[in-house]
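Peer 1: So the sequence shown is numbered by our numbering: it starts at 1334 and just counts up by one.
Just so it is clear, CB atoms sit at the ideal spot from N, CA and C, and this is done for glycine as well.
First, the structure itself, so that you have it in front of you.
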Amino acid sequence: KGFACNYWQKSSTCDLCFHSVKNNDQNEIFSINPLFGDILVDGVPFGRLPNEVKKNPLFIRSFGEDTDFEVSGSISTSFKTITAIKNCFYEFILSSDLKNLRIIETQLDNDNYKEIKLELLKYCECTILEENKLCKYCENCSEKSDFWGKNLPTRLQVLYSHWYDDVSKTILLRPIHYSEKDIFFVINKKEYEEKEKDNLWCCYIVPELWKKEHFRDLLLNNKNNEMSKLVKPLNIDNNILNVLEKFEYKQFIHYKTQVREEKTFFQIVFPRMNLEFEHDEETGYFNSLDYSGFRLARNQQLSYLFHDFFRYLVLENEFTNEIRIITPSCKEVKKDEIKIISDMEKNKVDADYSNIYCFRFHSRYGHVITDTIESRLYLALLMAATSTRLALDSSNNLMNKPTGVEEAIRLLRQCRLSRPFSESEYHILKIIETSFCKSYPSLRLVIEFIQGQAMQLSFLWDKKNSLNNSSSYDEITSARNEY
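Printed below as a string of structure tokens:
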């Protein structure tokens, strides 16, 4: 397909050479010499991409540092691939000063559509940087407002490549690497009335079933009416936004609308945690789509629990009034003089905090309980980190009620195992040991005891699974005897 020409004719100057005109907009002249295997395009032999293209940040981001193509071009600043790559040709156009680069993807004709050209839009970090400084992808950009996608959520700016179709006024959000064609988001320009000029672009979330569909099929067949649409939180109470932002940084919270049965539902999405909540217009509550029957409680701050720790959400069951607490997994929990800081990385866009810990209250005694060893260890970590001299009790009766560190010791004693701790379980134990054992020496006794019991049958397990086998049982025992 790369050499689709009208016809071939013998050269008038050489009996061994043939030439023809390629059937495209540029009317390129192809010349071949079958005897020596030479091929010329407009009199220029095929070559490789120059360093100015391969070292351009736009090229490196989507094509990689080691990618190269065999290209042709009669102009020194324009280079086109000579063979199709997954049914697509690519054209690389350098500016006159060789600093700016345009990348155009030409999709070949198929059964439904003619040749389609998509241009790779420049990626810019200006809206993501905390300080107002120049970024490596946009050297001439001195203000944050210069970036075309400044209104997009941060994850959509960073985790995807953006391809623009000028004919349909559509921007496609695909994976960063050029060879991956799945479409995750479609941004389409709509023709609204004059008074609504500020809302000309609509961003649709493509379902998993349609990610391999042609983007024009999604638009022409009215499939966009069935897709969720990202929106701005214009009509949400600021108090609700403040509650959500204590759970996740605001740049990583998405808001979308979904149409079902001719009704529009507003949803809040935490993509780094795989959590979604849907607004119920009748009750005014936000129902959880991950925990059936639960919704966001009116009271999101438990004054008697987790002192100075706020990165959690309180859910309540609308039928049984059961209360649950969900909090994301964090790498580290530090305690300073002011508050507890959970180490959720603010600038790591692709961070995964989908491992959500869920705590609930005992129906009779009222203390916090968990269902897994890992979540129980994490609860012990939070109890130790937020411990004060006051007892943990929602009532005024503080007699015989434990403090935070006493509750942490009780939880650790419930983590006695006959197998080695897993990687995540052992990691939480090490955080407790290194961060709080100096302040609360009794924690070390319990940790060494449960580690020793977990090591007793470690020979029955693979060494890969036995992550805490660096210390022998005798070493653990001697360390415990020091106390």
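(1) Please state the DSSP three-state secondary structure of VAL1564.
(2) Using only the alpha-carbon positions, how far apart do SER1708 and PHE1548 sit?
(3) Tell me which residue opens and which closes the alpha helix (DSSP H) that ASP1550 is part of.
(4) Measure the alpha-carbon distance for ILE1761 versus LEU1712 and round it to whole angstroms.
(5) Give me the DSSP bridge partner(s) of PRO1508.
(6) Sort ILE1509, ASP1499, SER1501 by Cα distance to GLN1490 and report the nearest one.
(7) For LYS1522, collect the residues of the same chain with a Cβ closer than 7 Å to its Cβ; drop the 5 residues on either side in sequence, then sort them by chain order.
(8) Straight-line CA distance for CYS1347 to ILE1365?
(9) Apart from the five residues on each side of it in sequence, which residues of its chain come closer than 8 Å, Cβ to Cβ, to VAL1386?
(10) Beta-carbon within less than 7 Å of TRP1543's beta-carbon, same chain only, minus the 5 sequence neighbours each way: which residues are those?
(11) Indicate the three-state DSSP secondary structure (helix, strand or coil) for GLY1380 in the structure shown.
(12) Just list the residues that DSSP pairs LEU1451 with in beta bridges.
(13) Which of the three DSSP states, helix, strand or coil, is assigned to SER1395?
(14) Leaving out five residues on either side along the sequence, give the residues of the same chain with a beta carbon under 8 Å from the beta carbon of TYR1423.
(15) Can you list, in chain order, the residues of its chain whose CB lies under 6 Å from that of ASN1729, leaving out five sequence neighbours each side?
(16) Give every residue of the same chain whose Cβ lies closer than 6 Å to the Cβ of GLU1476, excluding the five residues on either side of it in the sequence, and list them in chain order.
(17) Out of SER1768, TYR1759, GLU1758, SER1757, state which residue places its alpha-carbon closest to the alpha-carbon of VAL1738.
(18) Assign PRO1661 to buried or exposed, taking buried as 16 or more other Cβ atoms, counted over all protein chains shown, within 10 Å of its Cβ.
(19) Between the Cα of PHE1792 and the Cα atoms of GLU1559, GLU1581, TYR1686, SER1751, which residue gives the shortest distance?
(20) Starting from TYR1711 and walking both ways along the alpha helix (DSSP H), at which residues does that stretch end?
(21) Where does LYS1544 fall in DSSP's three states?
(22) Roughly how many angstroms lie between the CA atoms of TYR1645 and ILE1659, to the nearest whole one?
(23) Taking all protein chains shown into account, decide if TRP1341 is buried (16 or more other Cβ within 10 angstroms of its Cβ) or exposed.
(24) Hey, could you find the ends of the alpha helix (DSSP H) ASN1571 is sitting in?
(25) Strictly by DSSP, which residues pair up with HIS1612?
(26) Kindly indicate which three-state DSSP category TYR1816 falls into: helix, strand or coil?
(27) Is there contact between the region 1583 to 1592 and the region 1603 to 1614, where contact requires at least three CB pairs shorter than 8 Å?
(28) Check each candidate in PHE1518, GLU1513, GLN1784 and name the one with the smallest Cα separation from ARG1488.
(29) So, at 6 Å on beta carbons, what are the nonlocal neighbours of ASP1498 in its own chain, with the 5 sequence-adjacent residues on each side left out?
(30) Are GLU1615 and GLN1600 close, meaning C-beta to C-beta below 8 Å?
(31) Here's the rule I'm using: 16 or more other beta-carbon atoms within 10 Å means buried, otherwise exposed. How should TYR1698 be labelled?
(32) Nearest-angstrom Cα distance between HIS1495 and SER1696?
(33) Please go through the region 1728 to 1759 and give each complete alpha helix (DSSP H) segment of 4 or more residues, from N-terminal end onward.
(34) With the cut-off set at 8 Å, would you say ARG1628 and GLU1651 are in Cβ contact?
(35) Output needed for TYR1690: all residues of its chain with C-beta closer than 6 Å, excluding positions within five of it in sequence on either side, in chain order.
(36) Near GLN1786, which residues of its chain fall below 6 Å by C-beta distance, leaving aside the five closest residues on each side in sequence?
Peer 2: For this structure:
(1) Residue mapping note: residue 1564 aligns to position 231 of the sequence shown, counting from 1. If DSSP states are grouped into helix, strand and coil, VAL1564 belongs with coil.
(2) For the purposes of this step, residue 1708 is identified with residue 375 of the sequence shown, where counting begins at 1. For the purposes of this step, residue 1548 is identified with residue 215 of the sequence shown, where counting begins at 1. Computed Cα separation, rounded: 43 Å.
(3) Position 217 of the sequence shown, counted from the start, is the residue given in the question as residue 1550. Here the alpha helix (DSSP H) through ASP1550 covers 1548 to 1553.
(4) Here residue 1761 corresponds to residue number 428 of the sequence shown, with the count starting at 1. Here residue 1712 corresponds to residue number 379 of the sequence shown, with the count starting at 1. Near 10 Å, if we compare the C-alpha coordinates of LEU1712 and ILE1761.
(5) Taking the sequence shown and counting its residues from 1, the one referred to as residue 1508 is at position 175. Beta-bridge partners assigned by DSSP to PRO1508: TYR1493.
(6) What you label residue 1490 is simply residue 157 of the sequence shown in a count that begins at 1. Looking from the CA of GLN1490, the closest CA among ILE1509, ASP1499, SER1501 belongs to ILE1509.
(7) Taking the sequence shown and counting its residues from 1, the one referred to as residue 1522 is at position 189. Spatial neighbours of LYS1522 in its own chain (CB-CB distance under 7 Å, excluding positions within 5 residues in sequence) are listed in chain order as LYS1502, LEU1533, TRP1534.
(8) On the sequence shown, position 14 is the one that residue 1347 refers to. On the sequence shown, position 32 is the one that residue 1365 refers to. Approximately 11 Å between the Cα atoms of the pair.
(9) As a working mapping, residue 1386 is identified with position 53 in the sequence shown. Cβ-Cβ distances below 8 Å link VAL1386 to PHE1392, PHE1412, PHE1425, LEU1427, LEU1434 in the same chain, with the five nearest sequence neighbours on each side left out; the list follows chain order.
(10) Taking the first residue of the sequence shown as 1, we reach residue 1543 at position 210. So the qualifying residues of the chain are LEU1551, LYS1556.
(11) Within the sequence shown, the letter at position 47 stands for residue 1380. Reduced to three states, the DSSP call for GLY1380 is strand.
(12) Within the sequence shown, residue 1451 is the residue found at index 118, counting from 1. When DSSP reads this structure, LEU1451 sits in a beta bridge with GLU1438.
(13) In the sequence shown, residue 1395 corresponds to position 62, counting from 1. Shown here, SER1395 sits in a helix according to DSSP, grouped into three states.
(14) Residue 1423 sits at position 90 when you count from the first residue of the sequence shown. Annotation for TYR1423: PHE1402, LYS1413, THR1414, ILE1436, ILE1437, GLU1438, THR1439, TYR1511 place their beta carbon closer than 8 Å to its own, counting only its chain and skipping 5 residues before and after.
(15) The residue labelled residue 1729 in the question sits at position 396 within the sequence shown. Here ASN1729 scores only 48 on pLDDT, less than 50, and its place in the model is too uncertain to base an answer on.
(16) Position 143 of the sequence shown, counting from 1, holds the residue named residue 1476. Summary for GLU1476: the model assigns pLDDT 43, below 50, so the residue's position carries little reliability, and this model does not support an answer.
(17) For the purposes of this step, residue 1738 is taken as the residue at position 405 of the sequence shown. Distance from the Cα of VAL1738 is smallest, within the candidate group SER1768, TYR1759, GLU1758, SER1757, for SER1768.
(18) Indexing the sequence shown from 1 puts residue 1661 at position 328. If you draw a 10 Å sphere on the C-beta of PRO1661, you find 16 or more other C-beta atoms in it, and that means buried.
(19) Translated into the one-based positions of the sequence shown, residue 1792 becomes position 459. Residue nearest to PHE1792 within the set GLU1559, GLU1581, TYR1686, SER1751 is SER1751 (criterion: CA-CA distance).
(20) Along the sequence shown, read from residue 1 onward, the residue named residue 1711 stands at position 378. For TYR1711, the enclosing alpha helix (DSSP H) starts and ends at 1706 to 1718.
(21) One-based indexing of the sequence shown puts residue 1544 at position 211. The three-state reading of DSSP puts LYS1544 in coil, since its state is none of H, G, I, E or B.
(22) As a first step, residue 1645 must be located in the sequence shown, where it is residue number 312. As a first step, residue 1659 must be located in the sequence shown, where it is residue number 326. Spanning the two alpha carbons is a distance of roughly 6 Å.
(23) Counted from its first residue, the sequence shown places residue 1341 at position 8. Taking a 10 Å sphere around the C-beta of TRP1341, we find fewer than 16 other C-beta atoms and assign the residue as exposed.
(24) As a position in the sequence shown, residue 1571 is number 238, starting the count at 1. Counting along the chain, the alpha helix (DSSP H) containing ASN1571 begins and ends at 1571 to 1580.
(25) Counting from one through the sequence shown, the residue named residue 1612 turns up at place 279. Partner residues in the beta bridge of HIS1612, as assigned by DSSP, are PHE1619.
(26) Within the sequence shown, numbered from 1, the residue matching residue 1816 stands at position 483. Legend: pLDDT at TYR1816 = 37, less than 50; position of this residue unreliable, value from coordinates given subsequently. Residue state, collapsed to three classes: coil.
(27) The way I'd put it, the region 1583 to 1592 does touch the region 1603 to 1614; three or more beta-carbon pairs between them come closer than 8 Å.
(28) Taking the sequence shown and counting its residues from 1, one reaches residue 1488 at position 155. Among PHE1518, GLU1513, GLN1784, the Cα nearest to that of ARG1488 is on PHE1518.
(29) Position 165 of the sequence shown, counted from the start, is the residue given in the question as residue 1498. Sequence-distant partners of ASP1498 (beyond 5 residues in either direction) whose C-beta falls short of 6 Å from its own C-beta, in its chain, are LEU1451.
(30) Locating residue 1615 in the sequence shown gives position 282, counting from the first residue. Locating residue 1600 in the sequence shown gives position 267, counting from the first residue. For GLU1615 and GLN1600, no; Cβs fall outside 8 Å.
(31) Counted from its first residue, the sequence shown places residue 1698 at position 365. Classification of TYR1698: exposed, given that the 10 Å Cβ count is below 16.
(32) In the sequence shown, counting from the first residue as 1, residue 1495 sits at position 162. In the sequence shown, counting from the first residue as 1, residue 1696 sits at position 363. So the alpha carbons of these two residues sit roughly 51 Å apart.
(33) Complete alpha helix (DSSP H) runs here, min 4: 1737 to 1746.
(34) Here the question's residue 1628 lines up with position 295 in the sequence shown. Here the question's residue 1651 lines up with position 318 in the sequence shown. Cβ distance < 8 Å, so ARG1628 and GLU1651 count as in contact.
(35) Translated into the one-based positions of the sequence shown, residue 1690 becomes position 357. Closer than 6 Å at the Cβ level, and outside the excluded window around TYR1690, lie THR1660, SER1708, TYR1711.
(36) Counted from its first residue, the sequence shown places residue 1786 at position 453. Cβ within range, chain order: ARG1749.
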